[in-house]
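Presented below is the structure to which this report refers.
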Amino acid sequence: MLKELLKRELLIAWRRPGEALTPVAFFLVTSMLFPLGLSPSAHLLRPLAPGIIWIVAFLAGMLGLQRLFRADYDDGTLEQLLLSPRPLTLIILVKAVGHWLVTGLPVVIGGGVVAAMLFVPPRYIVTVVAGLLLGTPVLTMLGTMVAALTVSLRQAAVLGPVLILPLVTPVLIFGAHSTTLAMQGQSPAQAFEALAAMFILSVSLLPAAAAVALRISHEG
Amino acid sequence: MFTWLHKLGSPPVLYRFAERAAPWCKWTAFALLAAGLVGGLILAPPDYQQGDGFRIIYIHVPSAIMSLFVFAYMAVASAVGLIWRLRMAHAVTAAAAPLGAAFTLLALITGSLWGKPMWGTFWVWDARLTSELILFFIYLGYMAVANAFPDQRTGDRAGAILALVGAIDVPIVHYSVQWWTTLHQGATLKLSGSNMPGSMLWPLLVMMVAFMFYFGWLLMIRLRAEILRREKRASWVMRLAAD
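As given, the protein sequences belong to chains A and B, one line each in that order. Each step along the first sequence adds one to the number in this note's numbering, with nothing skipped, and position 198 is 198. All you need for this note's numbering is the position in the second sequence, starting with 1, plus 220.
As structure tokens, then:
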């Protein structure tokens with residue numbers, strides 16, 4: 001059943017590509033604004049690039065979160081999922097994985113492209129992509145928890161970023177600085193270890209919290 | 221002990237407990253505040269580097285500690301409320317949140333007032349200032365969620381989840397911000413914490429306890445209002461209002 005659920009999530013995204021691709025489009029368009037607004041010069045943009053990429057990736061991650069449960073909530077699928085004999089925690093984890101594959105992974109790949117366009121030296125682009133690969137799932141997991149919490153609320157879209165962004169500041173710090181450190185010739189290992197720790201922590205704990213949150217907000 | 225705790229879960233019992241506990245907290249807080257302020261502002265010698273400017277520490281440090289303490293307190297109350305389904309535990313959390321946010325704001329304001337003469341600027345991206353600021357936003361987020369639901373119980377429990385996630389996150393934020401600032405710059409200013417002389421230290425400790433009781437006093441007042449608001453249709457509140 002979990003495999004079918006993942007397939008369903010991906011299929012829904014495939015049928016409505018416009019909706020699924022909005023975050024990555026936002027990511028690319030907004031990244032383009034920085035050279036226009038700041039300066040096109042390489043020596044200004046290069047040190048700022050990691051921070052720009054991570055901040056814009058976070059903002060892009062805020063966009064699709066309502067997608068996660070809202071449609072299922074409106075058409076009653078969510079109730080079926082809540083009634084399912086499968087543990088809700090696993091169901092939510094599968095939905096989050098599907099959501100990340102559709103909205104997170106394109107941003108990770110786009111991050112590599114934007115890094116090159118913002119003059120990050122080619123050999124550090126791997127660092128950017130690897131960092132995003134570890135960091136964006138944390139954002140997705142926190143977003144899933146908050147989306148579960150606010151699924152029945154009308155003002156969820158406004159409330160979401162206010163709740164999520166303060167909580168994910170550690171990911172931003174370690175994520176952006178992993179690349180900065182590498183570009184300064186230092187070892188980014190420490191930052192990557194911290195990112196990996198937060199990845200494990202969020203993937204193991206937050207689906208359970210999201211399951212409780214979903215039951216609470218659905219009851220109300 | 222447990223039966224007593226159990227009884228506190230009942231709104232009228234908790235209401236009367238808060239009513240009786242408030243004056244005790246109040247007078248203890250005022251007595252300790254008086255002692256701490258006299259000790260800190262008059263008896264303690266001026267700092268050899270900062271002169272009299274260091275005395276803001278007697279407000280700043282206790283508020284900063286309270287900002288963290290209140291959050292931990294809210295997390296414990298939230299866990300109790302979720303696990304044992306105690307509605308009054310959620311009332312305690314809801315009553316404590318604005319107080320915690322206010323302590324955080326106080327710590328931020330006194331910190332920047334202290335920063336101006338000592339560091340030459342109102343704001344630096346120092347580890348403690350930054351993590352206090354993030355904590356303040358987390359408080360705001362909690363209050364936004366807890367009040368967003370039309371149904372009180374849903375809002376309570378949604379807020380409780382957020383308080384628990386936040387309680388795990390706040391230490392992570394704290395240490396990551398610390399890592400980040402050591403990456404950028406050396407610690408801008410280190411308080412001579414351990415070798416602080418006794419004449420400066422004891423007023424600080426007294427002020428910390430005083431702030432704790434001050435929080436207790438305000439909490440009891442807010443808790444009573446919160447209980448009345450939640451139980452406005454209960455017969456015991458009707459009788460109370462009729463008196």
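Backbone N, C-alpha and C define an ideal beta-carbon position, used for all residues, glycine too.
Please confirm whether residue i has its beta-carbon closer than 8 angstroms to some beta-carbon of chain A.
i, result
"B:SER287", "no"
"B:TRP400", "yes"
"B:ALA378", "yes"
"B:SER412", "Residue placement at B:SER412 is poorly supported in this model, since its pLDDT is 48, which falls under 50; the coordinates still yield a value, given next. False, the Cβ-Cβ gap to chain A never drops below 8 angstroms."
"B:THR324", "no"
"B:ILE441", "no"
"B:ILE329", "no"
"B:ALA364", "yes"
"B:GLY301", "no"
"B:ASP346", "no"
"B:GLY386", "yes"
"B:GLY361", "yes"
"B:PHE274", "no"
"B:THR313", "no"
"B:VAL290", "no"
"B:LEU403", "yes"
"B:VAL393", "yes"
"B:LEU306", "no"
"B:LEU382", "yes"
"B:ASP267", "no"
Taking 8 angstroms as the CB-CB limit, is residue i close to chain B?
i, result
"A:MET145", "yes"
"A:PHE69", "no"
"A:VAL97", "no"
"A:SER84", "no"
"A:GLN155", "yes"
"A:VAL162", "yes"
"A:LEU159", "yes"
"A:PRO166", "yes"
"A:LEU149", "yes"
Does the beta-carbon distance from residue i to residue j come in below 8 angstroms?
i, j, result
"B:MET286", "B:PHE431", "yes"
"B:ALA316", "B:MET294", "yes"
"B:PHE357", "A:PRO166", "yes"
"B:LEU328", "B:LEU288", "no"
"A:LEU92", "A:ALA211", "Here residue 92 of chain A turns out to be Ile, not Leu, going by the sequence shown. Yes, the pair counts as a contact, with Cβ atoms nearer than the cut-off."
"A:HIS218", "A:LEU82", "yes"
"B:MET185", "B:TYR278", "The requested residue 185 of chain B does not occur in the structure, where chain B is confined to residues 221 to 463."
"B:LEU382", "A:LEU10", "no"
"A:ALA213", "A:MET145", "yes"
"A:PHE26", "A:LEU63", "yes"
"B:PRO231", "B:ALA454", "yes"
"A:SER159", "B:ALA297", "Before going further, note that residue 159 of chain A is Leu rather than Ser in the sequence given. Not closer than 8 angstroms, so no."
"A:VAL138", "A:SER202", "yes"
"B:ALA238", "B:HIS310", "no"
"A:VAL94", "A:LEU149", "no"
"B:LEU424", "B:GLY260", "yes"
"A:VAL129", "A:VAL107", "no"
So who's on the other strand from residue i, going by DSSP bridges?
i, result
"B:ASP389", "Answer is none; B:ASP389 lacks a bridge partner."
For residue i, does the three-state DSSP call read helix, strand or coil?
i, result
"B:GLY271", "strand"
"A:VAL128", "helix"
"B:PHE342", "coil"
"B:MET363", "helix"
"B:PRO337", "helix"
"B:MET308", "helix"
"B:ASP376", "helix"
"A:PRO35", "helix"
"A:GLY76", "coil"
"A:GLN221", "Nothing can be reported for residue 221 of chain A, as the shown portion of chain A is limited to 1 through 220."
"B:ARG453", "coil"
"B:ALA368", "coil"
"A:ALA25", "helix"
"B:SER419", "helix"
"B:PHE291", "helix"
"B:MET486", "The requested residue 486 of chain B is not part of the displayed model; chain B covers only 221 to 463."
"A:PHE69", "helix"
"A:ALA148", "helix"
"B:ALA264", "coil"
"B:GLY229", "coil"
"B:PHE356", "helix"
"A:PRO47", "helix"
"A:PRO122", "helix"
By the criterion of Cβ-Cβ separation under 8 angstroms, what are the contact partners of residue i in chain D?
i, result
"B:SER396", "Among the chains of the structure shown, chain D does not appear; the protein chains present are A and B."
Closer than 7 angstroms, Cβ to any Cβ of chain B: which residues of the segment 202-218 of chain A, in chain order?
ALA209, VAL212, ALA213, ILE216 and SER217
At a Cβ cut of 7 angstroms, what residues of the segment 442-461 of chain B count as close to chain A, listed as they run along the chain?
none
What are the residues of the segment 38-62 of chain A that lie near chain B, defined by any Cβ-Cβ distance shorter than 7 angstroms?
none
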